[in-house]
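K.L.:
In the working numbering, the protein residues as written are 148 to 235. Cβ coordinates follow ideal geometry from the N, Cα and C atoms, glycine included. All values reported here derive from a predicted model rather than from experimental measurement. Take this structure, written in structure tokens, and hold onto it; I'll ask about it next.
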Amino acid sequence: MMLIAHESMEQARESAVILVRLGSPARKLLAEAVEATGVKRKQLSKTAKDLETAGFLFVRDSGNLWESQFELMPTLAGEQALEVLDEQ
């Protein structure tokens, strides 16, 4: 695996452990965002906020005054953490 977001394989494994601690809903949301190169949601879930705090997702408010909308884009760190989990 080519490391871009992490300096070592150990850091990538640590990110994978953090992702596991966030739970299966977080892993599913991140996998969906990686597969689709980003997803849109009308509401921002706690899971999405947790992934953003951990550095696995970029969350962008793309709504307007009448309708809320959020774009969830995976980070390289998130993609690599997911890849490490898939390899195990």
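Could you check where the alpha helix (DSSP H) with LEU169 kicks off and where it finishes?
P.N.:
Run containing LEU169: 156 to 169, per the alpha helix (DSSP H) assignment.
K.L.:
So, is SER215 buried or exposed, given that buried needs 16 or more other C-beta atoms within 10 angstroms?
P.N.:
By the neighbour-count rule (16 or more Cβ atoms within 10 Å), SER215 is not buried but exposed.
K.L.:
With distances taken Cα to Cα, identify the nearest neighbour of VAL206 among LYS189, ALA159, VAL167.
P.N.:
Here the closest residue by C-alpha is LYS189.
K.L.:
Checking the sheet assignment: what are the DSSP bridge partners for PHE217?
P.N.:
Answer is ARG188, ASP208, bridged to PHE217.
K.L.:
By the three-class DSSP mapping on this structure, what secondary structure does GLY225 have?
P.N.:
Of the three classes helix, strand and coil, the one that applies to GLY225 here is helix, per DSSP.
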